[in-house]
Each structure stands twice: as C-alpha cells, then as structure tokens.
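Here the structure is laid out as structure tokens; the discussion comes afterwards.
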Amino acid sequence: MKPEHVLTTKAELAALADPVRLLTVRLLVTREATLTQLAQYLGLRPSALHYHLKKLQTAGLIEVTRHDDTGKHYRATAMVVNVNPAMPFTEQADLSALPPEPMQRASEQRRTGAYLHLSDAQYDAFWQEVQDLHARYAALQDPEAPRRATESVALTLPDPENV
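Letter by letter, the sequence shown follows residues 0 to 162 in numbering that gives the first Met the number 0.
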C-alpha cells in the first residue's frame, strides 16, 4: 500500500465524493474485505456495492489483493488520499478567488488519528473518555464570550470481519 494517493482529475474526485465510496475507502485502509463483507457492513445489496467498487477501482483508490473461495478481496491503494492543490476548478469554485484568511485557517487545522487495536473493554473505556471530554468542554460554552468555531469529530469504525 502506498502512503499517499493524490487525486489529480475531476473524475477521481467525483469517485471519492460519494458517501458510500468514501466510507468504503476508509474501511479498506485498515483491512481488506470481500464484496459480501462490505455489503453486509454497509447495509447494501452486493450488486449495488459492486457498482461503487468498480468506480473506486477505476479511480485507482482500491485494488483487488487476492481471490479465493469467498471472492475477491479489496484493499485501499493508499493510507491517505489528498487532492492536488493545483487541480483546476471551474470559475465558480476557484479557490484562488477566496480571501487568503480562510485558506490560512484551513491550513492550520489540527488533526490527529490512530489505528487502535483494542479489546472490547479497552474500546468501551476509550469511547467513554472521548464522550466525557466532549461533554466537559461543551458545558464550558459561554454564548456571550468571543468564540472560535470548532468542529470536533470522533469516528470509530468496527472491523467488518468481526461485525
């Protein structure tokens, strides 16, 4: 698996823009899975998911890693997917037309992530701590105080093979 895949065309970007395909790539970064396993996890008919897998394969975002009695096994081609900053946009969506301040703030985002291999008890404790931390800071909000808009996201995805 490559460390990074850079989207360079509108077709590649469109392939990843679909919510089902985005979640599929996200799942396949950490594990390989068959069409049946992915369809079961995502709650889709295998025939509907097959369409999405073909789109992702064509865009170079996933690949078949092996074939066996259970079918084709898919995996993401890269750990991270980025968009080429030089990618041309339409005039209506030209990023250079934005004032520099929002673009500067976007580049200052703080991101963190990890692939965790936890027991059920460790996962429950971890998730409780995340919820407690969020609740603690949510309670500190003061509607009258100057504020900084912040979005906090905690996303955990189970292993589809163990669902």
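Glycine is no exception: its CB is placed at the ideal position from the N, C-alpha and C atoms.
**OP:** Along the beta strand (DSSP E) that carries D67, what are the first and last residues, could you check?
**Re:** D67 -> beta strand (DSSP E) spans 61-67.
Original post:
Rounded C-beta distance between A32 and H72? I'm assuming under 8 angstroms.
Top reply: Between A32 and H72 the beta-carbon gap is near 7 angstroms, inside 8 angstroms, which marks them as a contact.
Subject >> Distance between T69 and S106 (C-alpha atoms, nearest Å) >> reply: Only weak support is given to the placement of S106: the predicted model assigns it a pLDDT of 49, under 50, and the question is left unresolved by the model.
Original post:
Under the three-state reduction of DSSP, which class applies to L115: helix, strand or coil?
Top reply: The answer is coil: DSSP assigns L115 none of H, G, I, E or B.
Subject >> Beta-carbon spacing of P18, V79 below 8 angstroms >> reply: In terms of Cβ geometry, P18 and V79 do not form a close pair [threshold 8 angstroms].
Subject >> Exposure label - L48; buried when at least 16 CB within 10 Å >> reply: When all chains shown are included, L48 counts as buried.
Original post:
Going by alpha carbons, who is nearest to L60 out of N81, L43, H66, R44?
Top reply: Cα-wise, what sits closest to L60 is N81.
Subject >> Residues near L34 by beta carbon distance below 7 angstroms, same chain, minus five either side >> reply: Exclusion of the five residues before and after L34 leaves P45, L48, H49, L52, G70, K71 as the residues of its chain whose Cβ lies within less than 7 angstroms of its Cβ.
Original post:
Between E62, T57, T7, E11, which lies nearest to L27 when the distance is taken from Cα to Cα?
Top reply: L27 has its Cα closest to that of E62, out of E62, T57, T7, E11.
Original post:
Anyone know if the C-beta pair for L12 and T23 falls short of 8 angstroms?
Top reply: Against a cut-off of 8 angstroms, the Cβ pair of T23 and L12 comes out as no contact.
**OP:** Would you kindly work out how many angstroms separate the C-alpha atoms of P84 and T64, rounded to a whole number?
**Re:** Roughly 30 angstroms between the two C-alpha positions.
**OP:** Report the three-state DSSP secondary structure of R135 (helix, strand or coil).
**Re:** Three-state result, R135: helix.
Subject >> Cα-Cα separation, A75 to G42 >> reply: Rounded to whole angstroms, A75 to G42 spans 20 angstroms at the Cα level.
Original post:
Cβ of M0 within 8 angstroms of Cβ of A58?
Top reply: No, they are not a contact pair.
Original post:
What's the gap between the Cα of E128 and the Cα of L139?
Top reply: In a straight line, the C-alpha of E128 is about 17 angstroms away from that of L139.
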